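Structure, as C-alpha cells:
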Amino acid sequence: MLNMQWLPNEKYGNGSDGALSISENTTESPIDSSCSGAVDGKSLSATNASFVAGQIILIHQSRGTGAGQWELNVIDSYTAGTITTKYNLAYTYTDSGSSQAQVRVLKQYSSVTVDDAYTYASKAWDRNVGGILAFMCNGTTTITGTVNVKLRGYRAGQRETNDLEPTCGEGTVGDRVEQKTTANGSGGGSGTHDSDDNVGGGGGNATAGGTGSGSGGTAGTEAGAADLTNMVFGGGAGGNSDAVGELLPGIAYTAPGLVAIFSKEIVITGVIDGDGSNGATQTGTGGSGSAGGSILIKSNIATLGTNLVHAIAGTGSAGTGGKANGAVGSVGRIALHYGTSYTGTTTPAADITQDSNLIDVSPLPTFHNP
C-alpha cells in the first residue's frame, strides 16, 4: 500500500506557489474545510470554493474517533461539497459531534524564508478547523524568525467561579465538559465542583500530564505516536475548582497545535515553538499546564540548530495563600524524517528516522514516444 504520509510522485511539491517570505508577523490563512470520508474511498465531503484539481492536501482527524490519524493526498477534481482524491483514503474521517476532521491545502513553495524578529503562526483551532501550520517546499526553508503554534490548539478547561462550573480541558476525546473530573482523552479532567482547592489535571501528549491535587482532575492521557505517524495537538489542562466564595482558582491557557513541514532542505537559526502553556494564578489555587504540541519535519537535509525546535511541557503555577500548586502538562512530540543528513538537537529529543524516499527529490522523468 502507498505510504500516504509521503507521496513519492509529489515529493516536496512543484514550487508552483513561488517563494514565501515572512517579513512581518503573519498568521497563515490556509484553504481548508471540515471533512468526512471513508477508508479506501476517493470521496471526501468538504466545502471551499478555492479547492481545485492538482492541489496537495493534508487530511487530519483533529478530535474524536481516530484522533491523530492523518495523510497526504491530491485533489483529482472538486465539485461543490465533494473532493475526489487521486489516491484511496488510508483512513476513515468523521466530522460530527465530538469527532472533528479537517482537510487543508499544502502550499507548494519554491523557497520559504521566515525573517528574524517576525513570527509565522498557524490559524487558531476553532473546534472545526485550524491549529495546523503546514507547507511543502521544493527548495530551502530558512527560519531565522519564529514558526509558532503555541496557544493555537485545544482550549483549556474553564475555572470555577460564582457563575461558571469547572470544565475539563479539550482533548482527543472531545470538547470541554462541565464537571468532568476524568481525563478527556489528552485533556485534563476538572476539579470537583464546589470543593476547595482542587486542581485540574495537566494536558497529555507524549506522556500523561500531572494529576491535580485534592479532589482534582485526572491527568490527560498519552496520545499520538513517537514518529508522528499519528499526531495530535497538545492536550488542554483541566479547570480548577474552589468552594464558591473562596479565592479564585488559577487559570489554564489554550494548548498548542501542530507543525508539519515537508521541505527539500531546512535551515533553522530561529525557533519552531510548539510549547505548552503554563498555568497562571490570580489568587488562590495555581493553574495547570497544557501539554506541548507536535512538530513534524520531513526533509532531505535538515539543519536544526541546538534546541531551537521545541515542544516543552506547560508548568503548573504556584498557589497563593496556602493553596495548591497547578499540575504539570506533558512534553510534546517532535519527529524528524530525513534523507541524506541532519544536524542539531531538539527539546524534547526528536524521534529520528532516515528514509531513502526523501533523498530522491528530482522531478520524475517524462518519456515520449519518438
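In this text, residue positions in the sequence shown follow numbering that gives the first Met the number 0: the first is 0, and each later residue adds one. Glycine included, each C-beta is placed from N, C-alpha and C at the ideal position. Owing to the predicted nature of the structure, the values given are computational and were not obtained by experimental measurement.
Could you give the first and the last residue of the continuous beta strand (DSSP E) run that contains residue i?
| i | result |
| --- | --- |
| serine 42 | 42 to 44 |
| asparagine 306 | 293 to 309 |
| lysine 263 | 257 to 267 |
| glutamine 101 | 99 to 105 |
| leucine 246 | Premise fails: leucine 246 is in no beta strand (DSSP E) and is neither H nor E. |
| alanine 18 | 18 to 21 |
| isoleucine 271 | 270 to 272 |
| glutamine 370 | Outside the shown range of the chain, which is 0 to 369, sits residue 370, and nothing can be said about it. |
| tyrosine 119 | 118 to 120 |
| valine 327 | Note, valine 327: premise wrong, no beta strand (DSSP E); not H, not E. |
| threonine 220 | No beta strand (DSSP E) holds threonine 220; DSSP gives it neither H nor E. |
What separation, rounded to the nearest whole angstrom, lies between the Cα atoms of residue i and residue j?
| i | j | result |
| --- | --- | --- |
| isoleucine 311 | isoleucine 267 | 18 Å |
| alanine 236 | glycine 313 | 9 Å |
| asparagine 299 | lysine 263 | 5 Å |
| aspartate 75 | tyrosine 86 | 9 Å |
| glycine 17 | serine 212 | 52 Å |
| lysine 297 | threonine 180 | 38 Å |
| glycine 278 | lysine 41 | 43 Å |
| alanine 301 | threonine 83 | 34 Å |
| arginine 332 | asparagine 204 | 7 Å |
| leucine 246 | glycine 291 | 29 Å |
| serine 33 | glycine 53 | 19 Å |
| aspartate 350 | leucine 57 | 21 Å |
| asparagine 137 | glycine 215 | 49 Å |
| aspartate 39 | tyrosine 92 | 11 Å |
| threonine 112 | threonine 191 | 48 Å |
| tryptophan 5 | glutamate 221 | 25 Å |
| isoleucine 260 | isoleucine 142 | 12 Å |
| glycine 318 | tryptophan 124 | 29 Å |
| asparagine 8 | valine 128 | 27 Å |
| glutamine 178 | glycine 338 | 48 Å |
| serine 185 | threonine 64 | 13 Å |
| leucine 307 | alanine 116 | 14 Å |
| glycine 67 | threonine 346 | 21 Å |
| leucine 132 | glutamate 27 | 7 Å |
With DSSP as the reference, identify every bridge partner of residue i, one or two as the case may be.
| i | result |
| --- | --- |
| arginine 332 | Ser293 |
| isoleucine 131 | Leu257 |
| aspartate 350 | Ala334 |
| tyrosine 92 | Gly36 |
| serine 110 | Ala18 |
| serine 212 | DSSP, once it has assigned bridges, lists no residue as partnering serine 212. |
| threonine 399 | The first residue shown for the chain is 0 and the last is 369, placing residue 399 beyond what the model contains. |
| alanine 279 | Ile250 |
| aspartate 226 | Aspartate 226 is not bridged to any residue. |
| aspartate 31 | Arg103 |
| threonine 373 | This structure leaves residue 373 out entirely; the chain is present only between 0 and 369. |
Give the C-beta separation of residue i and residue j to the nearest angstrom, bearing in mind that I take them to be a contact with Cβ-Cβ under 8 Å.
| i | j | result |
| --- | --- | --- |
| threonine 284 | aspartate 241 | 6 Å |
| glycine 288 | glycine 315 | 5 Å |
| serine 44 | glycine 80 | 6 Å |
| valine 327 | glycine 201 | 5 Å |
| glycine 325 | glycine 233 | That pair is no contact at about 16 Å. |
| asparagine 239 | glycine 275 | Not a contact, Cβ separation roughly 17 Å. |
| glutamine 29 | valine 148 | Position check: residue 29 holds proline in this sequence, whereas glutamine was assumed. About 13 Å separates the two Cβ atoms, so there is no contact after all. |
| leucine 163 | methionine 230 | About 32 Å separates the two Cβ atoms, so there is no contact after all. |
Residue i CB to nearest chain D CB: under 8 Å?
| i | result |
| --- | --- |
| alanine 45 | Looking for chain D here will not work: only one protein chain is present. |
Task: Residue ranges of each beta strand (DSSP E) within the segment 136 to 206, 3 or longer - done: With a minimum length of 3 residues, the unbroken runs of beta strand (DSSP E) contained wholly in the segment 136 to 206 fall at 145 to 147.
- [ ] Ignoring anything shorter than 3 residues or poking outside the segment 34 to 83, list the beta strand (DSSP E) runs there in chain order.
- [x] 42 to 44, 55 to 62, 69 to 78
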